[in-house]
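In our numbering, the protein residues as written are 734 to 1058.
We put the CB at the ideal spot given by N, CA and C, even for glycine.
What you are looking at is a predicted structure, and each value in this text was computed from that prediction instead of being measured.
What follows is the structure, given as structure tokens:
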């Protein structure tokens, strides 16, 4: 019986993959498997992974014939996973030795559908602990009740798939797969679905994942059209939440978060290529008009004046051809 399946997508990360793989080796156990998904890398990553397949205990190497993006690569790993529990790691991050054994121990002790953990954010040489925005630690909680309040950071805003572990029953219930083809914000519909539909979770004070920020190859640092997939991701959040039995209570949170993300991207619009920046504005304007307008009005009223004014002005922007995500 495989106790834990670790799903690790790789794409053009030859500079960082050796550190990632060394940290996996320092977490190996006879009942752990490491599913290494090469998402059609074009640099030296395939050769590094071929060596890891031979040298890393529990390694399972899967190669994509064409690049599908992080969401699709994770789904490939989920479909191959045999473990009682699943977790994720990105191909440019790394782990503390023995972390996965502690992770499995925590979810087994609590008996929940999933657990969420803290992590260490690494920017150049700086290190900063990022904590799950859940106050009660080591307690069995309702995921649905952790979505609100709308005006504060909550568990659905901490959307890192690798910050936790997940029971296999979530796969069987159709709750663990990602939306195929999303190239950014893929964690957002996923974390909302988990919190709306899973039965139990817990936050634990466990540190062991080291998350690289600010590397040049990261999609979050590249201002191309792939970044605009956040529109599709949040449209999905809004559409699915609108069908929920508690839609009236939950939609204000979803709409307010969507607005905050739009505002964030507009605030750094200079990093986008000119054509993409123009498309960002038109797609964002169309997205604002698609939202439930009464809920949007309340969300804008609750935001600071500068952001609210910018978004109201954007909502009034004339519709243009092709303004659909």
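Where do the N-terminal and C-terminal ends of the alpha helix (DSSP H) with residue i fall, by residue?
i: residue 850; result: Per DSSP, residue 850 belongs to no alpha helix (DSSP H); it is in the beta strand (DSSP E), 847-850.
i: residue 862; result: Here residue 862 belongs to no alpha helix (DSSP H); instead the beta strand (DSSP E) covers 859-863.
i: residue 820; result: From DSSP, residue 820 is part of no alpha helix (DSSP H) but of the beta strand (DSSP E) over 818-821.
i: residue 787; result: 778-788
i: residue 833; result: 832-843
i: residue 996; result: 980-1000
i: residue 928; result: 920-930
i: residue 721; result: Absent from the model: residue 721. The displayed extent of the chain is 734 to 1058, so no value can be given.
i: residue 971; result: 962-975
i: residue 1009; result: 1007-1023
i: residue 1040; result: 1038-1048
i: residue 1032; result: 1026-1035
i: residue 750; result: 750-758
i: residue 904; result: 901-905
Would you grab the beta carbon distance between residue i and residue j for me? Rounded to a whole angstrom, and I think it's under 8 angstroms.
i: residue 740; j: residue 814; result: 6 angstroms
i: residue 817; j: residue 901; result: 6 angstroms
i: residue 805; j: residue 895; result: Their Cβ separation, rounded to whole angstroms, is 16 angstroms, which puts residue 805 and residue 895 out of contact at 8 angstroms.
i: residue 760; j: residue 911; result: Going by Cβ atoms, the distance from residue 760 to residue 911 rounds to 23 angstroms, so no, they are not a contact pair.
i: residue 1009; j: residue 957; result: 6 angstroms
i: residue 973; j: residue 926; result: 7 angstroms
i: residue 988; j: residue 1032; result: 5 angstroms
Would residue i and residue j qualify as a contact pair, given that the criterion is a beta-carbon distance under 7 angstroms?
i: residue 1035; j: residue 884; result: yes
i: residue 996; j: residue 1040; result: yes
i: residue 865; j: residue 785; result: no
i: residue 867; j: residue 933; result: no
i: residue 1017; j: residue 1038; result: no
i: residue 960; j: residue 990; result: no
i: residue 909; j: residue 811; result: yes
i: residue 929; j: residue 977; result: yes
i: residue 983; j: residue 880; result: yes
i: residue 737; j: residue 767; result: no
i: residue 915; j: residue 962; result: yes
i: residue 922; j: residue 892; result: no
i: residue 835; j: residue 939; result: yes
i: residue 789; j: residue 758; result: yes
i: residue 747; j: residue 777; result: yes
Over what stretch of residues does the beta strand (DSSP E) that includes residue i continue unbroken?
i: residue 794; result: 792-796
i: residue 738; result: 737-743
i: residue 934; result: 934-937
i: residue 770; result: 765-771
i: residue 717; result: Residue 717 lies beyond the residue range present for the chain, which begins at 734 and ends at 1058; the question has no answer from this structure.
Tell me whether residue i is buried or exposed, calling it buried when 16 or more other Cβ atoms sit within 10 Å of its Cβ.
i: residue 861; result: exposed
i: residue 954; result: Note that residue 954 scores a pLDDT of 47, beneath 50, so its modelled location is shaky; the value from the coordinates is reported in the next line. So residue 954 ends up on the exposed side.
i: residue 897; result: buried
i: residue 919; result: buried
i: residue 1027; result: exposed
i: residue 1060; result: The structure shown does not extend to residue 1060, since the chain is modelled only from 734 to 1058, so the question has no answer here.
i: residue 986; result: buried
i: residue 907; result: exposed
i: residue 875; result: exposed
i: residue 886; result: exposed
i: residue 1005; result: buried
i: residue 734; result: exposed
i: residue 1042; result: exposed
i: residue 791; result: buried
i: residue 931; result: buried
i: residue 742; result: buried
i: residue 859; result: exposed
i: residue 913; result: exposed
i: residue 1044; result: buried
Mind checking if residue i is an interface residue toward chain B, Cβ cutoff 7 angstroms exclusive?
i: residue 786; result: Among the protein chains of the structure shown there is no chain B, as only one such chain exists.
Please determine whether the Cβ atom of residue i lies at a distance below 6 angstroms from any heavy atom of the ligand GTP.
i: residue 850; result: You won't find the ligand GTP in this model; it holds no ligand whatsoever.
Counting Cβ pairs, one atom from each stretch, are 3 or more of them under 8 angstroms apart for the stretch 817-829 and the stretch 936-943? yes
Does the count of Cβ pairs from the stretch 763-778 and the stretch 791-804 closer than 8 angstroms reach three? yes
Would you call the stretch 780-796 in contact with the stretch 839-853, where contact means no fewer than 3 C-beta pairs closer than 8 angstroms? no
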